[in-house]
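Colleague:
In the working numbering, the protein residues as written are -17 to 51.
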């Protein structure tokens, strides 16, 4: 989530965000797929909006993958 918070210029489309995250070596292939599957199409004006849509409340990004299902 560091990348989403500090390295993305908002407004950003879901597709642009997915492409940016797919280039991160910090994320596993499983994490990249989860993000791609769960981030709805649309425009996002802030990191808070992205995290709210994904159901992320803090902690490690892996919390999204293993606890959200």
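Where is the CB? At the ideal position from N, CA and C, for every residue including glycine.
Could you give the C-beta distance for residue 0 and residue 18, rounded to a whole number, given that I count them as a contact under 8 Å?
Modeller: Contact flag correct, Cβ pair sits at about 5 Å.
Colleague: For residue 23, which residues of its own chain have a beta-carbon under 6 Å away from its beta-carbon, when the five flanking residues on both sides are left out?
Modeller: -4
Colleague: Go ahead and pull the three-state DSSP assignment for residue -6.
Modeller: strand
Colleague: Quick one: Cα of residue 36 to Cα of residue 29, how far?
Modeller: 11 Å
Colleague: Return the first residue and the last residue of the alpha helix (DSSP H) that residue -14 is part of.
Modeller: Element bounds for residue -14: -16 to -12.
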